[in-house]
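Working notes for the structure below.
Residue numbers (this note's numbering): 7 to 904.
Now the structure itself:
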């Protein structure tokens with residue numbers, strides 16, 4: 007090639023490049039690339055369904071740098087057009103169902119809708135998208151994960167934690183070979199983790215805390231050799247921790263807690279030298295602590311081995327851990343023995359050694375340690391010259407160091423001293439700074455012990471004050487909160503029987519700022535004197551919402567001669583852990599009221615120490631007669647007033663079968679309910695339940711409620727009232743109706759439910775024509791599936807194993823999204839697992855009862871399955887179960903079908 011030809015070619019190349027750059031920098035500026043019309047239509051549908059009013063969607067939306075649309079939606083543009091590839095709308099109070107129109111955005115690779123109020127199922131059509139990142143955490147999504155999500159071969163992150171998703175985890179997710187992060191915590195998933203998940207070899211994060219997943223901890227986790235964070239806290243999984251875990255050499259954070267099953271040995275963690283955080287709390291480990299942990303774990307910052315059965319001494323090698331890297335060490339509630347090493351007392355680290363079996367000849371000569379919690383940690387103490395009052399809190403069972411002289415206790419947890427309901431509640435503001443392990447008894451007659459760490463929010467204070475308008479006031483405006491364990495003690499109480507009231511109100515999850523924190527679920531266990539009183543206590547559900555008060559009352563609590571009362575609140579890994587922000591979880595309590603059952607005086611009066619003989623002054627006979635006459639007059643006056651107000655009649659006639667019921671839901675006054683329902687005005691009547699009418703009402707805060715009014719004159723009505731409260735108050739599920747509370751004033755038996763907008767399934771199908779709903783086939787299918795899931799929860803997934811006994815269309819309610827909710831638990835019967843059937847009084851509705859139950863009274867959960875089949879026939883056929891032919895002869899739907 008000659009030089010002239012070369013020059014010509016270079017000039018042509020320069021000309022072409024110049025034209026190209028001109029077109030890029032000037033042509034596109036004058037003629038901006040448009041969005042295709044199908045994507046414009048899809049974006050408009052999304053905007054309308056989620057009520058995103060600030061979006062102004064047209065073909066030029068991608069080219070306006072000042073619009074709110076561009077701040078949440080990212081586009082990629084070619085020569086001819088643009089396409090949406092990323093949508094991020096976080097914490098914007100979006101409501102409604104997840105639009106299927108997202109699936110029409112064929113270039114969408116990122117979808118992040120974290121922290122909204124989006125409900126309903128995840129559309130199966132999402133499986134057609136080329137997503138790399140899908141985050142829907144912190145919403146109210148329900149139903150199962152659609153198997154089609156497993157078809158998104160490009161998916162790298164799937165974040166669905168803190169929702170209401172449930173059912174069995176889909177096997178298809180095991181096909182997502184590129185998946186790095188799978189976060190499923192704080193949902194309602196059940197069943198084992200599928201074996202196919204062993205194929206997810208690129209996983210770096212797997213979180214499934216607070217679900218009902220069950221079965222053995224899977225061996226296939228040994229395939230996840232790239233994993234850095236593995237959390238399986240608060241599930242129903244079983245021991246042992248598999249040996250395969252030793253293969254996870256990249257692991258930095260491991261959390262496995264609250265396992266079921268048999269005692270097990272300490273897992274082999276010798277290869278996990280990269281660990282920074284290790285939580286093996288309540289894992290049934292019956293073993294010694296291995297020495298290698300102190301030698302190899304040079305990066306360990308947090309260690310939690312509490313609530314096991316660890317024995318033997320604390321390894322001396324742990325001294326290296328404490329002085330090198332470990333800031334927090336929790337080893338309480340074990341059986342550790344030997345001497346407490348000196349390096350622990352001088353380390354300056356946060357260490358919990360409470361409730362162990364240490365022994366030594368020399369112990370600290372004081373109880374309170376600001377960095378080391380040693381409460382009740384010594385089985386024997388040999389201190390020749392030390393007085394018991396100096397070291398009593400180190401001893402087992404915390405014996406009273408002096409004479410027991412108290413018979414009541416009033417504590418305003420987390421707040422200042424105040425008068426509330428006529429009682430003087432002592433303030434509890436000690437230790438409000440972030441302190442992972444502490445014990446304080448500065449009040450003398452009571453104290454508390456707190457352990458745990460708010461992961462992700464370590465600076466969170468341990469006492470909180472409400473900053474939003476709430477319906478509950480007084481002691482409910484403050485609270486003490488703990489990450490894992492919170493114990494309150496009453497010291498030096500007289501031996502005897504006591505009445506204990508625990509006051510609660512959720513003030514950390516609020517609705518004041520219209521954020522998504524009201525979706526938070528705070529769930530913990532409650533024990534008194536070592537006896538488990540409540541498992542999975544859901545504070546918000548019990549109270550009927552955030553900012554509302556709830557009182558849990560227990561009677562006949564025995565205090566022995568040592569004079570100590572223990573109230574223990576324990577977080578077992580359940581509930582949400584990232585709403586409104588990560589780390590806000592664990593038990594919370596507003597106040598404690600303790601009074602003696604044997605006290606003949608007004609129980610609201612605080613007790614005083616007994617008067618000594620030196621203080622006693624004899625009274626004359628006349629003075630005694632005068633005092634007795636005055637007391638008699640006062641008693642007669644009080645009794646007269648109580649009788650006039652009808653109080654005594656109520657006490658006398660209150661039915662025994664529900665007098666002792668421990669209500670686990672909120673309590674409403676009769677005045678509140680009559681005001682809400684306009685004195686049960688007939689215009690507010692919305693239906694007739696199994697044992698009484700149902701009325702619509704509106705509370706002062708705008709909450710719409712449904713009130714079932716049961717007959718108090720019928721013995722059956724009383725029995726159903728007891729059953730329904732006792733059953734519903736202990737259950738929560740997306741497909742069960744929520745019970746807010748009850749009213750038991752005078753002769754009223756009232757239940758307060760959530761108001762379900764579309765009334766019953768029976769009315770939607772067979773009601774007056776103006777009340778019927780148009781239900782397409784997908785909706786009818788979803789209703790059937792929802793009812794089935796609700797029954798599966800009652801029969802298999804709830805701790806109570808309940809047979810409903812009266813499944814029919816009128817007992818299936820439909821909310822605004824036509825989601826079914828099972829109601830009317832009045833006939834519910836506990837299913838005794840050891841029996842294949844129960845012989846019981848026939849109850850239910852003819853035409854829906856299983857033959858073996860209707861004829862012989864043999865009741866199993868299959869009776870509900872039969873009833874569900876009849877309801878499914880009604881839904882599919884559009885015909886009522888009870889048909890009528892000529893001469894009003896009754897024909898049941900099953901006979902007509904067959």
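All C-beta atoms in this analysis are idealised placements derived from N, C-alpha and C, irrespective of residue type, glycine included. Quick caveat, the model's predicted, so the values are computed rather than measured.
Scanning its chain for C-beta atoms nearer than 6 Å, with the 5 sequence neighbours on each side dropped, one finds around residue 148 the residues 170, 740, in chain order.
Close CB contacts of residue 403 within its chain, under the 8 Å cut and outside five residues either way in sequence, are with 382, 568, 570 (chain order).
Secondary structure of residue 875 (DSSP, three-state): helix.
Linking residue 789 to residue 163 through their CA atoms gives a straight-line distance of about 31 Å. DSSP places residue 482 in the helix class (H, G or I) of the three-state scheme.
Fewer than three pairs of CB atoms, one per stretch, sit closer than 8 Å, so the stretch 315–324 makes no contact with the stretch 419–432. When Cβ pairs closer than 8 Å are counted between the two stretches, the stretch 186–197 is seen to touch the stretch 214–231, the count reaching three or more.
In this structure, DSSP gives residue 133 a helical state, which the three-state scheme calls helix. In the DSSP secondary-structure assignment, residue 530 is bridged to 543. Per DSSP, the unbroken beta strand (DSSP E) holding residue 493 starts and ends at 491–496.
C-alpha of residue 267 to C-alpha of residue 88: approximately 56 Å in a straight line. If you ignore the 5 residues before and after residue 801, its C-beta comes within less than 8 Å of the C-beta of 807, 808, 809, 837, 867, 870, all in its own chain and listed in chain order. When the alpha-carbon of residue 882 is set against those of 50, 822, 825, 781, the nearest one is in 781.
In this structure, residue 560 sits near residue 539, with a CB-CB distance shorter than 8 Å. Burial is judged here by how many other beta carbons sit within 10 angstroms of a residue's own beta carbon; residue 857 has fewer than 16 and is exposed.
Classified as buried, residue 239 has 16 or more neighbouring CB atoms from the shown chains inside 10 Å of its CB.
Residue 119 has its alpha-carbon roughly 29 Å from the corresponding atom of residue 746. By the Cβ rule, the stretch 109–123 does not count as touching the stretch 70–78, because fewer than three pairs are nearer than 8 Å.
Assigned with DSSP and collapsed to three states, residue 826 falls in strand.
For residue 181, the three-state secondary structure derived from DSSP is helix. By the Cβ test, the stretch 329–337 is in contact with the stretch 294–314, since at least three Cβ pairs between them sit closer than 8 Å. Collapsing the DSSP output to three states places residue 699 in a strand. When secondary structure is reduced to three states using DSSP, residue 743 falls in the coil class, being assigned neither helix nor strand. Where residue 346 is concerned, there is no enclosing alpha helix (DSSP H), because DSSP gives it neither an H nor an E. If you check the CB distance, residue 231 and residue 256 come in under 8 Å. Inter-residue distance for residue 45 and residue 128 is about 20 Å (C-alpha atoms, whole angstroms). If only uninterrupted beta strand (DSSP E) runs of at least 3 residues are considered, those enclosed by the stretch 42–112 are 79–83, 88–94, 101–103. Burial is judged here by how many other beta carbons sit within 10 angstroms of a residue's own beta carbon; residue 398 has at least 16 and is buried. Here the C-alpha atom of residue 173 lies approximately 25 Å from the C-alpha atom of residue 228. The shortest C-alpha to C-alpha distance from residue 768 to any of 688, 872, 885, 853 is the one to 885.
Residue 168 sits close to residue 584, with the two beta carbons spaced by under 8 Å. Exclusion of the five residues before and after residue 187 leaves 163, 211 as the residues of its chain whose Cβ lies within less than 6 Å of its Cβ. The Cβ atoms of residue 815 and residue 779 lie no closer than 8 Å to each other.
Burial check for residue 159: the Cβ neighbour count within 10 Å stays below 16, so the residue is exposed. For residue 794, the enclosing alpha helix (DSSP H) begins and ends at 783–798. For residue 283, the uninterrupted beta strand (DSSP E) run begins and ends at 283–285, by DSSP.
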